[in-house]
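Colleague:
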Amino acid sequence: MNRWAGRSGATLISWAQTAIDGDATAGPEALSTASTWRWQGQAVDLDPAETFLPEGAFSDAEAHRRHSVSVACRVIGRALGYALTGIDANRVFSITDGHRVWVATLIDLPGREQPVLMFSAGLPPAGLSLFVARVDIAATLVSAQPAGVVCFTPGTRIGTPGGLRPVEHLAAGDRVMTADAGAREIVWIGARYIGMQELGDAPDLAPVRLRQGALETEGSDGDLIVSPDHAMLVRGRDGDSEVLVSARDLVDGKRVLREPAAQPITYIHLMLESHHLLVANGFETESFHPASARLDAVPERERLRLYDVMPDLRGGAAMYGPPVRPMVSGAEAALIAAA
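Position in the sequence shown (from 1) plus 1 gives the number in the working numbering.
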């Protein structure tokens, strides 16, 4: 009886390290259940701190694999300098030596001919020809979306020392309330207009709606509509664990919903001297962090204004400093919330 290879951490290799039926030039499209597959060279183990999960967090190998894909995409995105979105975690094939089975997930990278392969439950032996047992690698859409879309929408009420104010009425120099440091000054405000043509080409840019009371937030006042990459604060049940999760990763179809791409949208950025937690419609959420955006994608006029205010950013978004809370995936946030 076959058994799945035991879990020993997620590992990445390049497709260039593989061969199908001895042909090292063959692409993934050459995979079939009549073929053999092998790999050679060095693999990259994902940081255990990235992939650690409490014992029993996932009851089946498939859920564990999907979690590992999310972690791998985040790690790869950090290395490449942009966020990987639109990844289809179902692009897989399995290989076997007749006793053990390994599942490989293909992760396509924008602008690159060859994918990365991820093994979430142990790596097959290098140099050994294995039989392909199953292939499910139908083409999928992958996009590299520079975060530039970490923003509020008009009508959002932001907490200030004088009470709630619509985000569109705020200006650089105004002060807003932060969770950790009291009132802090806005140093830069930017805006991004997304018209219907752009939404039609990239419907993933449509906003996310958090219904009042979503995230078990006390004091939420009405729904909150934000860009899909805008991060929200999520707490564990004990109230001690706090992480940031993008709105897109919180969508559940009930209390957190994707808005239809039915009308143009303007997104508004609020940036402080460092990354902070703000209150928006009663929800705790992030201020703008330039590392969440490719600054060369920000309109030139606004980018120059930003550099005037914070000239160190010409050296890269990392000069801005760390995020105010750890950034995690939706799967990881669910574990924290249940803890």
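Using N, Cα and C, we set each Cβ at its ideal position, and we do this for glycine too.
Which residues mark the beginning and the end of the beta strand (DSSP E) in which GLU243 is found?
Modeller: Residue mapping note: residue 243 aligns to position 242 of the sequence shown, counting from 1. Counting along the chain, the beta strand (DSSP E) containing GLU243 begins and ends at 243 to 247.
Colleague: Please name the residue in ARG326, GLN18, GLY316 and PRO312 whose C-alpha comes closest to that of VAL188.
Modeller: The residue given as residue 188 occupies position 187 in the sequence shown. Comparing Cα positions, the closest option is PRO312.
Colleague: If I follow the unbroken alpha helix (DSSP H) through MET197, where does it start and stop?
Modeller: For the purposes of this step, residue 197 is taken as residue 196 along the sequence shown, with counting starting at 1. Run containing MET197: 197 to 202, per the alpha helix (DSSP H) assignment.
Colleague: From the DSSP secondary-structure annotation, give me the bridge partner or partners of PHE284.
Modeller: If you number the sequence shown from 1, residue 284 lands on position 283. Answer by DSSP bridge pairing, in chain order: ALA281.
Colleague: In chain order, what residues of the same chain lie with their CB nearer than 6 Å to the CB of ASP22, ignoring the 5 residues before and after it?
Modeller: Position 21 of the sequence shown, counted from the start, is the residue given in the question as residue 22. SER36 and THR37.
Colleague: Given 7 Å as the limit, tell me if GLY160 has its C-beta closer than that to any heavy atom belonging to the ligand HEM.
Modeller: Ligands in the displayed structure: none, and consequently the ligand HEM is not present.
Colleague: From which residue to which residue does the alpha helix (DSSP H) around ASP137 run?
Modeller: Reading the sequence shown from its first residue, position 136 is the one you call residue 137. No alpha helix (DSSP H) holds ASP137; the beta strand (DSSP E) holding it covers 131 to 137.
Colleague: Identify which residue in VAL104, GLU217, THR157 and GLY283 has its Cα closest to the Cα of LEU118.
Modeller: By one-based count along the sequence shown, residue 118 stands at place 117. Of VAL104, GLU217, THR157 and GLY283, the residue nearest in Cα terms is VAL104.
Colleague: By Cβ distance, which residues of its chain are closer than 8 Å to ASP61, with the 5 residues on each side in sequence left out?
Modeller: Position 60 of the sequence shown, counting from 1, holds the residue named residue 61. With a pLDDT of only 49 at ASP61, under 50, the local geometry of the prediction cannot be trusted, and no value is derived from it.
Colleague: Select from THR12, CYS152, ALA263 and TYR308 the residue whose C-alpha is nearest the C-alpha of ASP202.
Modeller: Sequence index remark: in the sequence shown, residue 202 carries index 201 (1-based). If we check each option's Cα against that of ASP202, ALA263 comes out closest.
Colleague: For ARG223, collect the residues of the same chain with a Cβ closer than 6 Å to its Cβ; drop the 5 residues on either side in sequence, then sort them by chain order.
Modeller: Indexing the sequence shown from 1 puts residue 223 at position 222. Checking the displayed sequence, the identity of residue 223 turns out to be Gly instead of Arg. Within the same chain, Cβ atoms closer than 6 Å to the Cβ of GLY223 are found at GLN213 and ASN282, the five residues on either side in sequence being excluded.
Colleague: Could you give the DSSP three-state label for GLY183: helix, strand or coil?
Modeller: The residue labelled residue 183 in the question sits at position 182 within the sequence shown. DSSP places GLY183 in strand when its eight states are reduced to three.
Colleague: Please report the distance separating the alpha-carbon of LEU200 from that of ILE266.
Modeller: Numbered from its first residue, the sequence shown carries residue 200 at position 199. Numbered from its first residue, the sequence shown carries residue 266 at position 265. Between LEU200 and ILE266, the C-alpha separation is close to 9 Å.
Colleague: If you pair each beta-carbon of the region 157 to 164 with each one of the region 230 to 239, do three or more pairs fall below 8 Å?
Modeller: no
Colleague: Name the two residues that bound the continuous beta strand (DSSP E) containing LEU305.
Modeller: For the purposes of this step, residue 305 is identified with residue 304 of the sequence shown, where counting begins at 1. Premise fails: LEU305 lies in the alpha helix (DSSP H), 301 to 310, not in any beta strand (DSSP E).
Colleague: Need the endpoints of the beta strand (DSSP E) that GLY164 sits in, please.
Modeller: For the purposes of this step, residue 164 is taken as the residue at position 163 of the sequence shown. 164 to 167 is the extent of the beta strand (DSSP E) around GLY164.
Colleague: Secondary structure at ARG193, three-state DSSP: helix, strand or coil?
Modeller: By one-based count along the sequence shown, residue 193 stands at place 192. ARG193 falls in the strand class under three-state DSSP.
Colleague: Specify, as a first and last residue, the run of the beta strand (DSSP E) that SER15 falls within.
Modeller: Counting from 1 along the sequence shown, the entry for residue 15 is found at position 14. SER15 -> beta strand (DSSP E) spans 12 to 15.
Colleague: Between which two residues does the beta strand (DSSP E) harbouring SER221 extend?
Modeller: Numbered from its first residue, the sequence shown carries residue 221 at position 220. Counting along the chain, SER221 falls outside any beta strand (DSSP E), and DSSP gives it neither H nor E.
Colleague: Mind checking SER228: buried by the 16 CB within 10 Å criterion, or exposed?
Modeller: As a working note, residue 228 is residue 227 in the sequence shown. It is buried - the Cβ of SER228 has at least 16 other Cβ atoms within 10 Å.
Colleague: Using DSSP with H/G/I as helix, E/B as strand and the rest coil, what is HIS231?
Modeller: Within the sequence shown, numbered from 1, the residue matching residue 231 stands at position 230. In the structure shown, HIS231 sits in coil (DSSP, three-state: anything other than H, G, I, E or B).
Colleague: Would you mind stating whether SER121 and ALA11 have Cβ atoms separated by less than 8 Å?
Modeller: Residue mapping note: residue 121 aligns to position 120 of the sequence shown, counting from 1. Residue mapping note: residue 11 aligns to position 10 of the sequence shown, counting from 1. Result yes, Cβ atoms of SER121 and ALA11 sit closer than 8 Å.
Colleague: Output the boundary residues of the beta strand (DSSP E) element that contains SER95.
Modeller: On the sequence shown, residue 95 is found 94 positions in, with the first residue counted as 1. DSSP places SER95 inside the beta strand (DSSP E), whose first and last residues are 93 to 97.
Colleague: Please name the residue, chosen from SER242, HIS276 and ILE14, that lies closest to LEU107 on a Cα-to-Cα basis.
Modeller: Position 106 of the sequence shown, counted from the first residue, corresponds to residue 107. It is ILE14 whose Cα lies nearest to the Cα of LEU107.
Colleague: Helix, strand or coil: how does DSSP classify LEU251 here?
Modeller: Translated into the one-based positions of the sequence shown, residue 251 becomes position 250. In this structure, LEU251 counts as helix in the three-state DSSP scheme.
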